[in-house]
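Visitor:
2 protein chains.
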Amino acid sequence: MKKTTIADVAKHANVSKSTVSQYLNQRYDYMGEQTKERIEKAIAELKYSPNILARGLKQKSSTTIGVIVANILHVFSTQVIRAIEDFCNEKDFHVIVCNADDDPVKEKRYIDMLRAKQVDGIIAFPTGENVELYKGIMEENYPVVFMDRLIPGITINTILLDNEQAAFLAVNEFVKKGHERIGVVSPPLTQKVTPRFERMEGYKKALEHHGIEFNPDYILSGEIEEMHTKLKKMMRLPVPPTAILAINDRTLIEILTYTKEEQVRIPEDLALINVDDVSFASIYNPALTTIAQPAFEMGKKAAEVLFDLIRDKGLSADVKVYRFKPELIVRESS
Amino acid sequence: MKKTTIADVAKHANVSKSTVSQYLNQRYDYMGEQTKERIEKAIAELKYSPNILARGLKQKSSTTIGVIVANILHVFSTQVIRAIEDFCNEKDFHVIVCNADDDPVKEKRYIDMLRAKQVDGIIAFPTGENVELYKGIMEENYPVVFMDRLIPGITINTILLDNEQAAFLAVNEFVKKGHERIGVVSPPLTQKVTPRFERMEGYKKALEHHGIEFNPDYILSGEIEEMHTKLKKMMRLPVPPTAILAINDRTLIEILTYTKEEQVRIPEDLALINVDDVSFASIYNPALTTIAQPAFEMGKKAAEVLFDLIRDKGLSADVKVYRFKPELIVRESS
DNA sequence: CTGAAAGCGCTTACAG
DNA sequence: CTGAAAGCGCTTACAG
């Protein structure tokens with residue numbers, strides 16, 4: 001089944017390829033009515049559809065962008081991708097999705113391959129490594145937007161949650177309910193991953209703001225695997241925390257596994273707030289008080305900024321960090 | 001910043017474009033050691049990376065496949081996509097993700113655009129419409145694999161859960177626990193969407209197998225919005241069901257919203273099993289008994305089958321329906 | 001062992 | 001108002 005090409009259409013309509021191409025690109029300026037009709041008919045009869053790859057070769061655009069997430073299984077990433085895809089669909093663009101698994105080697109490989117595929121731009125949740133790679137991209141003015149994470153020394157447009165504010169909202173809510181012994185649970189803080197790091201900062205500032213003394217025993221940070229033991233240890237302190245802020249959905253699951261096992265009552269024995277409005281928040285027993293991220297808006301913004309860069313050939317007037325407001329959703333766990 | 005092309009490399013290395021191309025494609029058969037080295041050096045110095053679009057134009061491959069899901073926000077779809085992407089990554093392929101939202105018009109648009117982009121194959125969760133479109137594709141031997149849904153009259157390789165078995169497992173578990181009044185909750189059964197339809201069939205067969213009389217009052221099907229009222233009605237029957245099979249995760253959420261609101265105790269007042277091992281199954285109170293789908297295996301299989309088709313130019317010897325076994329995970333709700 | 005030439009399917013000045 | 005020609009960046013017989 002040989003594909004029909006523009007040449008076939010031209011022959012069938014008795015015009016030149018150029019004229020067909022003009023027609024396809026809506027340059028009807030000087031085109032005769034009859035020519036137009038003949039071409040239209042030929043296209044319909046041959047069921048012709050142009051090869052976008054060939055067009056892209058000439059026009060230097062693949063009408064495709066790449067999105068590199070850590071892992072598409074994370075709900076936040078999924079929502080961001082959905083928003084980006086909706087935006088792209090309106091512009092007749094497609095999106096290639098890549099999972100870097102927080103692995104800088106995979107990240108670099110994907111970026112190189114996407115660029116080899118002439119992708120018009122990339123939205124990435126950067127691993128934080130590959131600084132040289134991104135520096136090079138910056139210098140070339142290749143369109144890139146960062147999502148969720150900042151890389152020190154790299155000035156690239158970035159979409160972020162107001163992470164400090166997120167922690168602030170949680171601590172405020174706890175204080176309002178009378179808590180003073182407020183703990184926080186986070187994945188490892190060794191790497192300066194933006195969301196974790198900033199949320200911790202916000203937590204500390206909020207305590208200070210409320211005149212609560214900072215207690216290092218109430219900060220739990222570690223790999224998911226060791227979280228259970230660490231949690232047990234923290235809750236068995238002579239004076240344990242009465243409220244806990246879970247820094248993301250993964251840590252929330254660990255905490256709930258623990259409270260279920262140990263039959264800890266929420267919020268009586270332990271109040272709980274987490275960042276990310278998980279799917280089961282309102283049906284859980286008790287319903288979970290959460291801090292929601294506007295994931296769809298953030299994804300949409302990332303797409304908008306990227307398309308502006310693409311239009312302006314990467315020469316954005318000013319590189320910005322866009323901060324989005326988190327929202328406290330009070331339910332029963334706080 | 002003009003991109004460096006194969007011509008630049010050729011000039012720099014003092015050879016012809018052909019030779020550079022041979023080098024790039026590892027056809028070293030007769031290539032002189034020095035030539036090789038000179039090219040290698042030139043590539044490194046110019047930081048050359050080939051334009052895959054141009055290569056694709058000649059080779060008639062975009063090393064890209066399309067995946068059309070109903071909605072990437074569904075966990076099952078996400079897992080399937082992740083498995084497909086991992087598979088593609090090993091083959092140096094990329095995947096374009098599209099959300100058809102169960103809208104046949106969007107579905108058709110995506111398929112047309114993906115094909116115009118010379119995508120090498122498509123994995124789709126078909127809406128069930130666009131029968132003519134798929135018939136045409138079939139006749140052209142264009143590589144397509146269906147996921148999750150069958151379309152009557154279209155013989156295309158399809159990956160499915162053994163849906164009857166899924167319902168069977170649930171009913172068996174209920175019967176084992178002494179239940180005889182077993183209900184089922186499903187989205188609308190009007191359209192013959194494969195999973196719903198087959199799971200209902202399995203439910204009926206299972207009842208028959210256990211000698212339980214089929215009671216139409218225990219079958220609830222409807223839009224998500226009206227489910228709550230219908231649920232209330234069913235539970236207020238003179239003789240209400242004592243166990244419910246939720247046909248997917250969306251209906252599960254509705255049921256749990258209801259039971260939470262009405263303080264129905266699970267499993268004492270109502271036993272519950274749902275298809276899809278949701279993320280909160282083990283931390284819910286009570287932990288949920290579920291039927292898990294092997295989503296990753298299913299996604300991987302879809303990719304394997306598609307790549308076989310691509311290799312064989314769509315001329316697969318035999319079109320098959322691949323059935324995957326569901327797994328009963330007994331927790332506390334049954 | 002390597003190069004000149006044609007071609008993949010388009011677009012785009014330019015000429016007439 | 002329309003066509004011939006060159007070119008986008010590759011690959012691939014074929015010749016030598």
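In the order they appear, the protein sequences are chains A and B. For the record, in the first sequence the residue sitting at position 12 is 12 according to full-length UniProt numbering, with numbers rising by one throughout. For the record, in the second sequence the residue sitting at position 143 is 143 according to full-length UniProt numbering, with numbers rising by one throughout. All residues carry an ideal CB built from backbone N, CA and C; glycine is no exception.
Pairing CB atoms from the stretch 22-40 of chain A with CB atoms from the stretch 64-73 of chain A, are three or more of them under 8 Å?
Guide: no
Visitor: Can you list, in chain order, the residues of its chain with a C-beta nearer than 6 Å to that of A/F87? Leave out the 5 residues immediately preceding and following it.
Guide: K300, A303
Visitor: Can you confirm whether B/Y48, when its beta carbon is compared against all beta carbons of chain A, has any partner nearer than 8 Å?
Guide: Not one chain A Cβ lies under 8 Å of B/Y48.
Visitor: If you follow the beta strand (DSSP E) that B/Y218 is part of, which residue opens it and which one closes it?
Guide: Careful: B/Y218 lies outside any beta strand (DSSP E) and carries neither H nor E.
Visitor: Start and end of the alpha helix (DSSP H) containing residue 363 of chain A?
Guide: This structure does not reach residue 363 of chain A, given that chain A is present from 1 up to 334, and the question cannot be answered.
Visitor: Name the chain A residues that come within less than 7 Å of B/G56, Cβ to Cβ?
Guide: Neighbours of B/G56 on chain A, chain order: L53.
Visitor: Give the DSSP bridge partners of A/F146, in chain order.
Guide: Under DSSP, A/F146 takes part in a beta bridge, and its partners are A/A124, A/T158.
Visitor: Alpha carbons only, please: which of A/V131, A/K58, A/V95 is nearest the one belonging to A/L114?
Guide: A/V95
Visitor: Between B/H94 and chain A, is the shortest Cβ-Cβ distance under 8 Å, so that the two count as touching?
Guide: yes
Visitor: Mind checking which residues open and close the alpha helix (DSSP H) that includes B/S77?
Guide: For B/S77, the uninterrupted alpha helix (DSSP H) run begins and ends at 75-90, by DSSP.
Visitor: Please classify A/I151: does DSSP put it in a helix, a strand, or coil?
Guide: coil
Visitor: Quick check on DSSP: helix, strand or coil for B/A295?
Guide: Assigned with DSSP and collapsed to three states, B/A295 falls in helix.
Visitor: Along the beta strand (DSSP E) that carries B/G183, what are the first and last residues, could you check?
Guide: 182-186
Visitor: Just the C-alpha distance for B/A166 and A/T35, rounded to the nearest angstrom, thanks.
Guide: 60 Å
Visitor: Compute the Euclidean distance between the alpha carbons of B/K325 and A/I266, then round it to the nearest angstrom.
Guide: 38 Å
Visitor: Beta-carbon within less than 6 Å of A/M1's beta-carbon, same chain only, minus the 5 sequence neighbours each way: which residues are those?
Guide: The pLDDT assigned to A/M1 is 47, lower than 50, so where the model puts this residue is not dependable, and the model offers no usable value.
Visitor: Starting from B/G66, trace the alpha helix (DSSP H) in both directions and tell me its first and last residue.
Guide: Per DSSP, B/G66 belongs to no alpha helix (DSSP H); it is in the beta strand (DSSP E), 64-69.
Visitor: If you measure beta-carbon to beta-carbon, which residues of the stretch 112-127 of chain B are closer than 8 Å to chain A?
Guide: D112, M113, L114, R115, A116, K117, Q118
Visitor: Using alpha carbons as the reference points, say which of B/L256, B/P294, B/Y134 lies closest to A/P286.
Guide: B/L256
Visitor: With a threshold of 8 Å between beta-carbons, can A/M85 be considered close to chain B, or not?
Guide: The amino acid occupying residue 85 of chain A in the given sequence is Glu; Met does not appear at that position. Between A/E85 and chain B, the shortest Cβ-Cβ separation is below 8 Å.
Visitor: Tell me the DSSP bridge mates of B/F307?
Guide: Its beta-bridge partners do not exist; DSSP assigns none.
Visitor: Could you pull the DSSP bridge partners for A/I273 from this structure?
Guide: A/L245, A/T289
Visitor: Mind checking A/L237: buried by the 16 CB within 10 Å criterion, or exposed?
Guide: A/L237 is exposed by the Cβ-count criterion.
Visitor: Spatial neighbours of B/F168 within its chain, please: CB distance less than 6 Å, with the 5 preceding and 5 following residues excluded, ordered by chain position.
Guide: G202, A206
Visitor: Enumerate in chain order the residues of its own chain whose CB-to-CB distance from A/R331 is below 8 Å, with the five nearest sequence positions on each side excluded.
Guide: A281, S282, P286, A287, L288, T289, T290
Visitor: For a test of the three-state rule: what should DSSP assign to A/L252, helix, strand or coil?
Guide: A/L252: helix per DSSP, three-state reduction.
Visitor: Contact defined as beta carbons within less than 8 Å: I believe B/D120 pairs with B/P143. What is the distance between those atoms, to the nearest angstrom?
Guide: 7 Å
Visitor: Taking only beta carbons into account, state which residues of the stretch 263-297 of chain A come closer than 8 Å to chain B, listed in chain order.
Guide: V278, S279, F280, S282, I283, Y284, N285, A287
Visitor: Is it buried or exposed, A/G153, if we count other Cβ atoms within 10 angstroms and call 16 or more buried?
Guide: Exposed, because fewer than 16 other Cβ atoms sit within 10 Å of the Cβ of A/G153.
Visitor: Could you name the residues of the same chain whose beta carbon sits closer than 7 Å to that of A/K106, not counting the 5 residues immediately before and after it, in chain order?
Guide: A100
Visitor: Can B/A170 and B/L245 be called in contact, C-beta distance under 8 Å?
Guide: yes
Visitor: Using DSSP's beta-bridge definition, name the partner residues of A/F324.
Guide: A/L161
Visitor: Closer than 8 Å, CB to CB, is A/R311 near chain B or not?
Guide: no
Visitor: Since A/H209 is in the alpha helix (DSSP H), which residue starts that stretch and which ends it?
Guide: Per DSSP, A/H209 belongs to the alpha helix (DSSP H) from 194-209.
Visitor: Just to confirm, are B/V175 and B/Y218 a CB contact at a threshold of 8 Å?
Guide: no
Visitor: Residues of the stretch 247-258 of chain B in Cβ contact with chain A at a cutoff of 7 Å, in chain order, please.
Guide: Those residues of the stretch 247-258 of chain B that come within reach of chain A (Cβ to Cβ, closer than 7 Å) are I253, L256, T257.
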